[in-house]
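Residue numbers (the UniProt record's numbering): 1 to 324. Beta carbons are placed, not taken as given, at the ideal position from N, Cα and C, and that holds for glycine. Note that the coordinates shown come from a computational prediction; the quantities given were computed from them, not determined experimentally. One structure below.
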């Protein structure tokens with residue numbers, strides 16, 4: 001299956017009113033310290049304040065809204081590093097139904113605890129989403145259940161794109177020159193960039209990935225989906241390989257103008273700055289987007305820049321290590 005940017009944008013704009021009935025808009029606010037440091041006007045889409053603590057609540061809800069009551073009651077299956085699973089759990093708690101989530105064995109303990117509170121059955125196997133996703137999909141097929149992909153699905157991408165629908169509403173008549181988005185499987189940047197570039201065709205899209213796990217960026221460089229020798233990263237929300245045949249690959253290749261690879265030290269430093277100056281608790285994948293903006297400060301000087309702060313689910317132990 002393929003999905004064009006125009007189709008992705010149209011899907012996001014169509015589903016946005018349905019999501020709003022369950023998920024109120026998140027703030028879109030200026031961060032003064034980052035604006036001063038970059039010499040730019042830095043506006044932050046605060047998905048770390050989203051229900052479940054992540055933008056993933058959007059895509060999961062958009063997908064599960066397409067299911068019948070019978071399908072939700074029978075059960076859904078997904079694979080996740082944590083945030084997508086929380087989104088699925090929240091959608092099922094909102095609409096009714098049961099779910100199973102395949103998680104990496106090194107998933108954040110705080111996310112695992114939250115998943116259990118939402119009533120999801122947890123299956124921890126391996127540490128690579130590229131392995132977990134086929135297992136979850138095979139289990140769903142074998143038992144006649146619905147598989148809810150973390151990113152490789154038009155409805156998931158449409159839900160994530162509602163981040164950009166809200167940005168355009170909150171932006172008003174003022175211009176926007178660039179947006180910085182953390183990239184794992186590519187669902188968020190595909191949705192956000194499709195919507196924003198439809199209305200702001202001159203906008204520059206920066207995709208941020210950790211140096212230690214840059215699967216999508218490496219795939220785009222190679223011209224095909226490739227596997228990378230991934231290492232553990234503070235940006236655990238973007239960790240894992242890209243599923244073969246993912247519709248997000250072509251969208252990322254077409255829509256992302258520049259890839260920014262971010263070191264662990266840079267992620268930690270950005271996390272500390274956000275906590276110290278804005279008193280906001282964000283996770284590593286969100287801090288990575290701020291770090292990427294820092295890395296492109298020369299290009300962004302004098303510009304109006306949106307940074308998508310994609311999540312706030314960070315465990316105490318990970319936070320302590322990052323701040324040490």
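| Item | Value |
| --- | --- |
| Residue 156 versus residue 15 - alpha carbon distance | 11 Å |
| Backbone CA spacing between residue 269 and residue 109 [nearest angstrom] | 23 Å |
| Nearest to residue 213 (by Cα), restricted to the options 241, 144, 188 and 191 | 241 |
| Residue from 232, 46, 324 and 181 whose Cα sits closest to the Cα of residue 292 | 181 |
| C-alpha distance - residue 153 paired with residue 246, whole-angstrom precision | 8 Å |
| Exposure label - residue 216; buried when at least 16 CB within 10 Å | buried |
| Cβ neighbours of residue 46 in the same chain (closer than 8 Å, five flanking residues each side left out) | 26, 27, 28, 29, 280 and 309 |
| Run of the alpha helix (DSSP H) containing residue 276, from where it starts to where it stops | 264-278 |
| Residues of its chain near residue 62, where Cβ-Cβ distance is below 7 Å and the 5 sequence neighbours each way are ignored | 15, 19, 155, 156, 158 and 159 |
| Endpoints, the beta strand (DSSP E) within which residue 78 is located | 76-79 |
| Minimum C-alpha distance to residue 219 - residue among 186, 236, 195 and 313 | 186 |
| Rounded separation between residue 224 and residue 252 - CA only | 12 Å |
| Residue 101 versus residue 80: straight-line alpha-carbon distance, rounded | 7 Å |
| Inter-residue Cα distance where the pair is residue 68 and residue 142 | 19 Å |
| Backbone CA spacing between residue 91 and residue 22 [nearest angstrom] | 9 Å |
| Residue 304 - partner residues in DSSP beta bridges | 41 |
| Identified DSSP bridge partners for residue 329 | With the chain running from 1 to 324 in the structure shown, residue 329 is simply not present. |
| Residue range of the beta strand (DSSP E) that includes residue 87 | Note, residue 87: premise wrong, no beta strand (DSSP E); alpha helix (DSSP H) at 83-95. |
| Assigned exposure category for residue 190 - 16 Cβ within 10 Å defines buried | buried |
| Per-residue DSSP class, three states only, for residue 100 | strand |
| Cutoff 7 Å; reference residue 175; Cβ partners in own chain excluding five residues on either side | 304 |
| For residue 124, the residue or residues it bridges with in DSSP | 103 |
| Proximal residues to residue 132 (C-beta, below 7 Å), its chain only, five neighbours per side dropped | 79, 102, 104, 125 and 126 |
| Residue nearest to residue 323 in terms of C-alpha spacing, selected from 276, 137, 144 and 134 | 276 |
| Contact set for residue 162: own chain, Cβ-Cβ below 7 Å, skip 5 residues either direction | 12, 15, 16, 19 and 58 |
| DSSP-derived helix/strand/coil call for residue 257 | coil |
| Anticipated Cβ contact below 8 Å, residue 151 with residue 238, distance rounded | About 10 Å separates the two Cβ atoms, so there is no contact after all. |
| Neighbour-count burial assignment, residue 184, 16 or more Cβ in a 10 Å radius | buried |
| Residue 288 classed as buried or exposed, judged by whether at least 16 other C-beta atoms fall within 10 angstroms | buried |
| Assumed close pair residue 76, residue 97 - CB separation to whole angstroms, cut-off 8 Å | 7 Å |
| Status (buried if at least 16 other CB within 10 Å, exposed otherwise) for residue 229 | exposed |
| Simplified DSSP assignment, three categories, for residue 2 | coil |
| Separation of residue 121 from residue 94, as counted between CA atoms | 17 Å |
| Beta-carbon proximity of residue 260 to residue 208, cut-off 7 Å | yes |
| Which residues DSSP lists as bridging residue 34, in chain order | Per DSSP, none; premise fails for residue 34. |
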